[in-house]
Ligand code: GLU
């Protein structure tokens, strides 16, 4: 079996990441499998090289060992352009010019005619991307959710984690008020929603072990897998670390950055004690 730990280097790793890494690496070890490290840095507006560097140092300090080479998503934009381009060909997506502000003000994205914007020009733009150089698009591309859901058959996934244990029908998580999701951003020509499932397929990930805060993303990822013919892994969403106020720890809680804890003299064992004390 194979799982992965897939952090996004948008800040320094904090203690919640230490727990997530441990869950994934321990899971693989218990099953005699492998845990890959994957750097999810397609969002160049938020990810920084310095965070990636310190991420390796933190994981190393904690004692993790991962197979090489590590897949760094920002080096694989052409891979992500392919499924986006295929979805254009299949008429399951549409261009959308609405800004975040438009949507906040109540405007709703809706399928236009892909031909209006010249699908072939869009595809050419996408396929022009090179490694380390992301494509940019004149507009964002959204998945036509109702149409996509009509296209595929049963859509179930299994979670074997402590919080969402069971077999779920992904369709039950969609609702007609859902906004059609962006699958290719203007500035990167892809999105986290395409890159993650693509890599789980490409890297033959059989179990996705990750925090329960990501459970809500699963139905859409399962839909994308079904559309693309990528197998759906088994999911294990683990519990999260909470602070004393019962809030999820986040990168904003700077005091929990692994780098600061290390500099303050804490040992990896202290970190594991903390994860045990605060996990739910
Ligand atoms: N890169 C994502 C994050 O750091 C995790 C993605 C995943 O595990 O599927 O939130």
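Residue numbers (this note's numbering): 16 to 295.
Think of the CB as a built atom: it goes at the ideal place given N, C-alpha and C, for glycine as much as any other residue.
- Annotation for residue 158: the continuous beta strand (DSSP E) segment containing it runs 155-158.
- Given a length threshold of 4 residues, each whole run of the alpha helix (DSSP H) inside the stretch 83-136 is given here in chain order: 92-104 and 115-119.
- Counting only the Cα atoms, residue 212 lies some 7 angstroms from residue 240.
- Look at residue 234: its beta carbon is at least 7 angstroms from all of the heavy atoms in ligand 1.
- According to the DSSP assignment, residue 284 belongs to no beta strand (DSSP E) but to the alpha helix (DSSP H) extending over 283-293.
- Per DSSP, residue 277 is not a residue of any beta strand (DSSP E); the alpha helix (DSSP H) it occupies stretches across 273-278.
- When secondary structure is reduced to three states using DSSP, residue 186 falls in the helix class.
- Listed in chain order, the alpha helix (DSSP H) elements of length 4 or more contained wholly in the stretch 35-88 are 64-77.
- Relative to the Cα of residue 148, the nearest Cα in the group 91, 71 and 209 belongs to 91.
- Taking 7 angstroms as the cut-off, the C-beta of residue 22 counts as close to a heavy atom of ligand 1.
- If you look at residue 215, you'll find it isn't in any beta strand (DSSP E); it sits in the alpha helix (DSSP H) that goes 207-217.
- Boundaries around residue 239 are those of the alpha helix (DSSP H), 233-243, since no beta strand (DSSP E) includes it.
- Residue pairing of residue 175 in beta bridges, as defined by DSSP: absent, with no partner found.
- Residue 148 carries a strand assignment under DSSP once its states are collapsed to helix, strand and coil.
- Of the candidates 289, 271 and 172, the residue whose Cα lies closest to the Cα of residue 245 is 172.
- Assignment of beta-bridge partners to residue 20 by DSSP yields 52.
- A direct Cα-to-Cα measurement between residue 69 and residue 79 gives close to 14 angstroms.
- Checking the DSSP bridge columns, you'll see residue 32 has no partner listed.
- If you draw a straight line from the Cα of residue 87 to the Cα of residue 215, it is about 13 angstroms long.
- Just so you know, the alpha carbons of residue 38 and residue 47 end up roughly 14 angstroms apart.
- Of all alpha-carbon atoms in 168, 193 and 126, the one lying nearest the alpha-carbon of residue 110 is that of 126.
- Rounded to the nearest angstrom, the gap between the Cα atoms of residue 207 and residue 55 is 8 angstroms.
- For residue 102, the CB contacts under 6 angstroms within the same chain, skipping 5 residues up- and downstream, are 108 in chain order.
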